[in-house]
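So for the sequence shown, the numbering used here puts the first residue at 5; every next one is plus one.
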Amino acid sequence: FDVEQLRDTIYFFSESDYKIRICNAELSGFAKGLKERYQKMSPATVSKPQLRDAPTVFICHASEDKEYAARLYAQMEAKGFKPWLDKESLRGGVLWDNQIRKTIEEVDYMVVLNSKALWGKNIGYVNKEINAALDRQQQFRRGISFIIPVQIDDTRLLEDFKPFQAVDLTDPNNTDKLFTAISRDQQLRMR
5 FDVEQLRDTI
15 YFFSESDYKI
25 RICNAELSGF
35 AKGLKERYQK
45 MSPATVSKPQ
55 LRDAPTVFIC
65 HASEDKEYAA
75 RLYAQMEAKG
85 FKPWLDKESL
95 RGGVLWDNQI
105 RKTIEEVDYM
115 VVLNSKALWG
125 KNIGYVNKEI
135 NAALDRQQQF
145 RRGISFIIPV
155 QIDDTRLLED
165 FKPFQAVDLT
175 DPNNTDKLFT
185 AISRDQQLRM
195 R
């Protein structure tokens, strides 16, 4: 690459959803290392199913619920959805506030983990995410879901989410309820 072409390539990939690493190595050594890493990967990691027209799903959560959010992210990814989670999706150097606002405007769904920790967030960035989602919900016609509250403990639903049907995931093995709700709504949108 010449310098200008390299700069354009880096810009293209930095503005996309791809993760990119630049290395300075001989091609044969790079290929050998890549092959070794590929062979160490589990089959589940190598071939993830992708739903046709897979919906993108922003996982909104209080920081105290990050482990639950990470498990849900992995489960959604394994089912073929395109989940978005700050710890998984934000790349180094990105202006995260701008990226989060942009992502909320672009995703198909916003799943909000309703919990004791969320109730305790009188001040916090998660509230900014929720307010942005509530604004976006108004852009959809009635009957189309954008915000999907998810109960992850026995805490009552936040007042902002009273108009929405929540999905009960107090038993984390019931994630199929959430996947079904998203898939059904996706079908409604395609009519």
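Just so you know, even glycine gets a beta-carbon here, dropped at the ideal spot from N, CA and C.
Under DSSP, Q155 shares a beta bridge with N118 and D172. If you compare the alpha carbons of A170, T184, M194 and Y77 with that of V154, the shortest gap goes to A170. Comparing C-alpha distances from D112 to each of K44, G37, D57 and D180 shows the shortest one belongs to D57. For V61, the enclosing beta strand (DSSP E) covers residues T60 to C64. With respect to the 8 Å criterion, D69 and S149 are not classified as neighbours on the basis of their beta carbons. Classified as buried, I156 has 16 or more neighbouring CB atoms from the shown chains inside 10 Å of its CB. The secondary-structure analysis by DSSP pairs K86 across a beta bridge with T60. With fewer than three CB-CB distances shorter than 8 Å, the stretch 170-183 does not count as touching the stretch 123-140. Counting every other CB atom within 10 Å of its CB across the protein chains shown gives S32 a total below 16, marking it as exposed. In this structure, the CA atom of Y72 is about 12 Å from the CA atom of T179. In this model, D90 and R105 are separated by some 12 Å (Cα to Cα). Our two residues, V115 and A78, have alpha carbons roughly 14 Å apart in a direct line. Around the Cβ of L10, a 10 Å sphere holds fewer than 16 other Cβ atoms; the residue is exposed. Taking the Cα of L117 as reference, the smallest distance to any Cα among G96, E81, E109 and D164 is reached at D164. Just so you know, the alpha carbons of K166 and T159 end up roughly 13 Å apart.
A121 places its beta carbon 8 Å or farther from that of C64.
By the 16-neighbour rule on beta-carbons within 10 angstroms, L76 is buried. Going by beta carbons, G147 and L182 fall outside the 8 Å limit.
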